[in-house]
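Here the structure comes first, spelled out in structure tokens, and everything after it is commentary.
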Amino acid sequence: MSYVDDVLAKVIAKNPSEPEFHQAVTEVFDSIRPLIEANEEFYKKEAILERITEPERMIKFRVPWVDDKGQVQVNMGIRVQFNSAIGPYKGGLRFHPSVNQGIIKFLGFEQVFKNSLTGLPIGGGKGGSDFDPKGKSDREVMAFCQSFMTELYKHINADRDVPAGDIGVGGREIGYLFGQYKRITNKYEGVLTGKGLTYGGSLARTEATGYGVIYILEELLKDHGMDMAGKTVCVSGAGNVAIYAIEKAHQLGAKVVTCSDSTGWVYDPEGIDVAALKEIKEVKRARLTEYKKYRPNSEYHEGRGVWQIKCDLACPCATQNEVFTEDAKMLVENGCIALAEGANMPTTLEATKYLQEHGVHFIPGKASNAGGVAVSALEMSQNSERLSWTFEDVDSRLQNIMINIYHNISDAAKRYDKEGDYVAGANLAGFEKVLDAMLAQGIC
Ligand code: NDP
Ligand code: 2IT
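So in this note's numbering, the last spot in the sequence shown is 450, and the numbers never skip.
Here it is in structure tokens:
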């Protein structure tokens with residue numbers, strides 16, 4: 007058995023009940039196989055694949071808090087500090103009932119390569135809780151966040167590990183978490199990103215992930231002699247990433263006709279009304295069923311169904327494994343040109359393969375959604391120098407970063423004789439830098 011296959015089998019055996027982690031490792035290993043096999047004995051002796059798949063540290067803790075009825079509730083908290091070869095651990099916190107160790111490990115593993123692709127000095131980490139902010143009062147969310155940080159603060163700081171948002175963690179949650187960190191440590195430092203603009207947040211961080219998805223898509227289209235103007239786009243999700251992907255696509259002359267949440271989806275043939283979507287999701291924290299009140303000509307459907315709508319471009323921006331082979335078949339049949347992942351690992355391995363084999367340009371999340379963490383790293387820089395850059399400055403840096411990521415992954419694919427395979431390109435380019443840094447730092 008080859009070294010790559012041997013370690014993959016061991017990772018799967020050693021980490022049972024973590025299917026998402028297996029999926030993420032399988033994809034990366036498949037891509038980096040030519041690099042490893044070109045010098046297999048050396049990498050095997052160095053145990054590089056064993057080291058890269060074992061988190062440097064995992065912290066799991068109890069999060070007790072009191073609900074509005076006076077009842078004590080208990081949730082699980084976790085932070086996976088995956089790899090610090092190229093910088094302090096960096097990555098979001100996810101609050102969602104589906105959160106478990108395997109999901110946080112897959113996200114942390116992906117984050118290592120994503121952060122490498124940004125070109126900025128950040129290692130990979132991820133964390134979260136099975137706490138569900140949906141339907142909770144602000145006071146309950148605050149009580150939970152304060153309890154969560156009362157343990158987490160021991161393991162993070164501006165030079166060690168810098169969490170941010172992800173599903174279920176936005177500006178409100180980051181504010182409560184930051185307040186508690188400051189209170190316990192008596193330190194005002196850039197320990198979290200995605201902060202509010204009045205207390206150290208960066209302009210354009212809110213928009214960064216969604217805008218970045220569209221910037222990289224635009225560069226891909228440009229490279230193939232096309233542009234965004236006039237394109238029809240299907241987006242899934244209706245959260246932070248989806249909203250700002252839709253906003254930027256519209257600014258560039260495309261028309262986004264769908265969005266979704268965990269209960270249903272919207273088809274608006276006239277183009278999604280971003281102001282309405284922001285009011286429903288960011289202000290009212292309501293369901294998408296509300297959308298029809300703002301746009302009577304739109305359709306609302308229960309369940310999932312976004313990918314059956316004909317589009318030129320697809321951007322899954324909700325969660326992992328939301329594009330299956332049957333969806334990929336509909337996208338291909340409907341003439342989809344390209345798919346850029348806004349979410350982390352939204353496309354199954356089989357669906358990815360199907361899309362690539364049928365000529366759909368496919369940009370994996372670790373490249374296409376890297377704009378969020380990239381601007382988080384810019385927030386860290388601003389916090390360190392105690393200055394704030396303008397929106398235009400941050401946005402133009404973000405654009406450059408996304409353009410560079412596109413060319414970096416495209417060139418890496420070419421170097422390994424896999425032209426146009428952006429999954430391979432992203433994994434190879436992301437891995438090369440981490441590998442070099444790990445080897446230089448010895449056995450650790
Ligand atoms: P939000 O919580 O703001 O929004 C998530 C959206 O996805 C909501 O519309 C939510 O619907 C929907 N969703 C979540 N879980 C499910 C599910 N199990 N089934 C169906 N729909 C679901 O999160 P973000 O927009 O921040 O994150 C979206 C994705 O992007 C995630 O994969 C995240 O890891 C990734 N990402 C986020 C970055 C960021 O900066 N925020 C950066 C890079 C990647 P509902 O409201 O009904 O739950
Ligand atoms: O998946 C991701 O890259 C994020 N949730 C953002 C992480 C960050 O540190 O900004």
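Virtual Cβ for every residue (Gly too), placed ideally from N, Cα, C. Predicted, not measured: the structure shown is a model, and the values here were computed from it.
Of all C-beta pairs linking the region 346 to 360 to the region 318 to 335, three or more are shorter than 8 angstroms, placing the two stretches in contact. In the three-state scheme derived from DSSP, where H, G and I count as helix and E and B as strand, Y273 is classed as strand.
Per DSSP, reduced to three states, the secondary structure at K290 is coil, with no helix or strand assignment. Apart from sequence neighbours up to five positions away, the residues of its chain that approach I409 with a beta-carbon distance below 6 angstroms are E225, ordered along the chain. The DSSP-derived three-state label of E391 is helix.
Comparing C-alpha distances from G365 to each of A376, L345 and Q257 shows the shortest one belongs to L345. In the DSSP assignment, C450 falls outside any alpha helix (DSSP H) and carries neither an H nor an E. If you check the C-beta of K111 against the ligand 2IT, you find no heavy atom less than 7 angstroms away. In this structure I42 is not in contact with V17, their Cβ atoms being roughly 14 angstroms apart against a cut-off of 8 angstroms. Here the C-alpha atom of C265 lies approximately 24 angstroms from the C-alpha atom of L404.
With a 10 Å radius around the Cβ and a threshold of 16 neighbouring Cβ atoms, S122 comes out buried.
Remark: three or more beta-carbon pairs, one from each stretch, lie closer than 8 angstroms, so the region 379 to 392 and the region 199 to 217 are flagged as touching. For the ligand 2IT, no non-hydrogen atom lies closer than 7 angstroms to the CB of D274. A Cβ-Cβ distance of about 28 angstroms is found for the pair D318 and R293, leaving them out of contact under the 8 angstroms criterion.
Shown here, F368 sits in a strand according to DSSP, grouped into three states. For D167, the uninterrupted beta strand (DSSP E) run begins and ends at D167 to A170, by DSSP. A distance criterion of 7 angstroms places the beta-carbon of V118 beyond contact range of the ligand 2IT, judged by its closest non-hydrogen atom. Here R166 has P94 and Y95 as same chain residues with Cβ atoms under 8 angstroms from its own Cβ, once five neighbours each way along the sequence are excluded. D333 has its CB no nearer than 7 angstroms to any heavy atom of the ligand NDP. In this structure, the C-beta of K201 stays at least 7 angstroms away from each heavy atom of the ligand 2IT. Within 7 angstroms of the C-beta of S304 there is not a single heavy atom belonging to the ligand 2IT. The closest heavy atom of the ligand NDP lies less than 7 angstroms from the beta carbon of Q326.
Relative to N192, the option among Y159, E213 and I222 whose CA is nearest is Y159.
For C323, the shortest separation between its Cβ and any heavy atom of the ligand NDP lies below 7 angstroms.
In the displayed model, Q87 falls within a strand according to three-state DSSP. Rounded to the nearest whole angstrom, the CA to CA distance from S37 to E26 is 17 angstroms. Minimum Cα-Cα distance from V80 among the listed residues Q107, Q29 and P103 corresponds to P103. DSSP places A248 inside the alpha helix (DSSP H), whose first and last residues are N246 to Q257. In this structure, A170 has its CB closer than 7 angstroms to one or more heavy atoms of the ligand 2IT. In the DSSP annotation of this structure, H307 is not part of any alpha helix (DSSP H); the continuous beta strand (DSSP E) holding it starts and ends at E305 to E308. Under a 10 Å Cβ-count criterion, H413 is classified as exposed, with fewer than 16 other Cβ atoms of the shown protein chains found around its own Cβ. Fewer than three Cβ pairs drawn from the region 143 to 163 and the region 362 to 378 lie within less than 8 angstroms of each other, which leaves the two stretches out of contact. Listed in chain order, the alpha helix (DSSP H) runs fully inside the region 200 to 239 are 211 to 229, counting runs of at least 4 residues.
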